[in-house]
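One structure is given below, encoded as structure tokens.
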Amino acid sequence: MKRPSLTSIQLSLLVTIFVLATANRAFWIKGWTYFDGHSFAFAAFGAAIVLLGASLLTMFSMKYVIKPVFILFVLVAAVSSYFVDSFGIVVDRDMIQNAVVTTPAEAGALITPDFLLHVVLFGVLPAFAICLVRVRHRTVLAKAGWNTAFIAPALLVVLAIVFANFSTFAATFRNHRDLMASLNPAGAIVGFGKLVDRQFKDRNLVVAALGEDARRAPANAGGRPRLLVVVAGETARAQNFSLLGYDRDTNPQLAQRDVVAFSNVQSCGTMTAVSLPCMFSVYGRSDYSDSKSNSTENLLDVLDHAGVATSWFDNNTGSKGVADRRAYEYLPEVGDPRYCEGGECRDDVLVDRLKTAIEDLKTDSVIVLHQIGSHGPAYYKRYDKTARRFVPDCRTPQLADCTAEELTNAYDNTIVQTDRNLAQIIDVLASHEDRIDTAMIYVSDHGESLGESGLYLHAAPYFMAPVEQTHVPMIAWFSDGFSRDEALDRACLAEESGDALSHDNLFHTVLGMMDVETAVYDPALDLTTPCRDPDAGNTGDDTEEPRA
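Residue numbers (the UniProt record's numbering): 1 to 548.
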């Protein structure tokens, strides 16, 4: 059979049109919605996108280059379009970083039959077709001339379209920054480039010391050991906590403990790779960047400077650099058969590890427990049968195969599991009150979308992230001895629990709770400041300030 023959420009046009037609459903739907009745401007916008795409591909139409580039183009478009269309996400730099650091078990939950079929139909088969096509190449000079003769007029037409519709385009792009971020595979390619650029810039970073002046307040030095357990939650959204007003009883155990539930807490990011290091960073969300975080010591380092022992027990995908200089254990490697299967464990492993760690504790300590929590899409793997309160629940990572009720039930069951684990942690701490002053603070790294506005999972760019992904639960518990030593009024904390808080508060609250004096401590960001006896306070500045 004779192989089909095309010029490089013809192939560029065909590949561009194919990818725009098959891998950009979300992009075109958003565009039609955002242009809001300006049908002519929308049609002109579409034509401009086709011409721009074909022009860019034509630049890579050299012999020995054209087919590898075009094949990679359609494969990347097929993969990214599946996640964009299925979950409503945007594939940008942060999303790619999230994918790079994911565990094999998490990745396996995303590689479903639907995903494989989509990639074969819209990636592998088109790539095979590109291989079969015989490209008619000209001499180098002739190709340069033909390419210029195509690209130059195409770009002139694009400029004419932009000028003719400038006011409509400007208003649309200004109000809907997510539109171009949804274009496949441009978003993924640009995001990958930004990630590589950042990795290159960060490779020679020197970590600057932070809080080297830190020391324990004299009033508590040499007393009973103090232990603060910081639980870094995963993918828990505040809307589904009954302690925070949810109409389903997802927190039956915590409701029986004397906890303070903070109802108005905002996350620093919408994915673990951003939120987790930000939570432990001195930089607030408005000042935070990965480069700043990677080049500056964090909360655990400041605690170490003050002589507070720190440990990190992980049941997720690592500490994202936070515990690089501290004692660290990755619990799924142990693989306790009671709680673990297929390289993943339920958060019960964290409770058991805390039990053993606290037995030998003789000095002031902060222990971080990093949960797997409510991480999707395989929500059903996060809880055992005793936490399966809401049925029928979604028992597959292919969320499209589940009803909205099944999906919500599965997610709510993960919150029930978290509720039980947090209650167990509190009970472990309470059982050692005879010799240790103990406290726990829990906060989730980000929330989750469960189909609202067509979005699923998380990792939406913060500027467009829905409240479901940024409104997170925060819960605190204090033993009587801890509250007494800190002159902390728990009733006052409960009254203040509706105040606007964020991940920015964690850094300073932990320093305050451990009575660490240092110039980097800001009492205005310590959520316990308004509820301490000012005469008994011994952390930093005694002047009480309103919280930022």
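Using N, Cα and C, we set each Cβ at its ideal position, and we do this for glycine too.
Item	Value
Count the other C-beta atoms from every protein chain shown that fall within 10 angstroms of the C-beta of GLY211, then say buried if there are 16 or more, exposed otherwise.	buried
I believe ASP94 touches ALA459 by the beta-carbon criterion, under 8 Å. Please report the beta-carbon distance rounded to the nearest angstrom.	7 Å
If we call anything under 9 Å between Cβ atoms a contact, is TYR288 one with SER295?	no
What does a CB cutoff of less than 7 Å around VAL259 pick up in its chain, not counting 5 residues either side in sequence?	ILE475, ALA476, TRP477
Jot down the residue ranges of each uninterrupted alpha helix (DSSP H) in the region 382 to 444, minimum 4 residues, whole runs only, in chain order.	404 to 430
List, from N- to C-terminal side, the beta strand (DSSP E) runs of 3 residues or more that fit wholly inside the region 274 to 340.	309 to 314, 327 to 330
On a CA-only basis, which of ARG389, TYR380, SER311 is nearest THR369? Give me that one, please.	For the record, residue 369 in the displayed sequence is Leu; it is not Thr. Minimum Cα distance to LEU369 is reached at SER311.
Helix, strand or coil for SER502? Go by DSSP, reduced to three states.	strand
Over the uninterrupted beta strand (DSSP E) stretch that includes LEU227, give me the two end residues.	226 to 233
Is PRO546 helix, strand or coil by DSSP?	Caution applies to PRO546, whose pLDDT of 35 falls short of 50 and renders its modelled position unreliable; the model cannot decide the point.
Within 10 Å of its beta-carbon, does LEU407 have 16 or more other beta-carbons around it, so buried, or fewer, so exposed?	buried
Can you tell me where the alpha helix (DSSP H) with GLN97 in it begins and where it stops?	93 to 100
Would you give the residue range spanned by the alpha helix (DSSP H) that LEU20 belongs to?	8 to 22
Check LEU455 in the structure and name its three-state DSSP category.	coil
Mapping DSSP to helix, strand and coil, what is PRO523?	helix
Would you kindly check if the distance between the Cβ of ALA232 and the Cβ of GLU517 is under 9 Å?	no
Let me know the secondary structure DSSP gives GLN371 once reduced to three states.	coil
Are the region 349 to 365 and the region 395 to 411 touching by the rule of at least three beta carbon pairs closer than 8 Å?	no
Going by DSSP in three states, residue 570 sits in which element: helix, strand or coil?	For the chain, the structure presents residues 1 to 548; residue 570 sits outside this window and is missing.
When you compare only the Cα positions, how much space is there between GLU234 and HIS446?	7 Å
Which of the three DSSP states, helix, strand or coil, is assigned to GLY537?	Residue placement at GLY537 cannot be trusted, given a pLDDT of 44 that sits under 50; what the coordinates show is reported in the next sentence. Three-state result, GLY537: coil.
Should residue 571 go down as buried or exposed, given a rule of 16 or more other Cβ atoms within 10 Å for buried?	What is shown of the chain runs 1 to 548, which leaves residue 571 out entirely.
Pick from ALA491, GLY31, ALA439, PHE482: whose alpha carbon is nearest that of GLY223?	PHE482
Starting from MET180, follow the beta strand (DSSP E) in both directions and report where the run begins and ends.	Segment 178 to 181 is the alpha helix (DSSP H) holding MET180; no beta strand (DSSP E) there.
Going by DSSP, what residue range makes up the alpha helix (DSSP H) through ALA127?	125 to 132
What distance in whole Å lies between the Cβ atoms of ARG420 and GLN253, which are believed to be in contact at a cut-off of 8 Å?	5 Å
Which residue from SER263, ILE372, GLU486 puts its Cα closest to that of PHE313?	ILE372
So the alpha helix (DSSP H) ILE189 belongs to, where does it begin and stop?	186 to 202
Where do the N-terminal and C-terminal ends of the beta strand (DSSP E) with HIS471 fall, by residue?	471 to 478
Using a threshold of 9 Å, state whether the C-beta atoms of VAL91 and VAL84 are closer than that.	yes
Using a Cβ-Cβ cutoff of less than 6 Å, which residues in the same chain neighbour SER167 once the five nearest sequence positions on both sides are dropped?	none
ALA261 and SER497 look like a contact to me (Cβ under 8 Å); what is the Cβ gap, rounded to whole Å?	6 Å
With a threshold of 16 other CB atoms inside 10 Å of the CB of PRO546, please say whether the residue is buried or exposed.	A caution first: PRO546 carries a pLDDT of 35, below 50, which makes its placement in the model too unreliable to give a value.
With a threshold of 7 Å on Cβ separation, who are the neighbours of ALA548 within its own chain once the five nearest residues in sequence on each side are excluded?	With a pLDDT of 38 at ALA548, under the threshold of 50, the predicted position of this residue should be treated as unreliable, though the coordinate-derived value follows. ALA524, LEU525, listed in sequence order.
Would you say VAL124 and ALA48 are within 9 Å of each other, going by their C-beta atoms?	no
Touching or not, the region 234 to 243 and the region 409 to 428, by the rule of three or more beta carbon pairs under 8 Å?	yes
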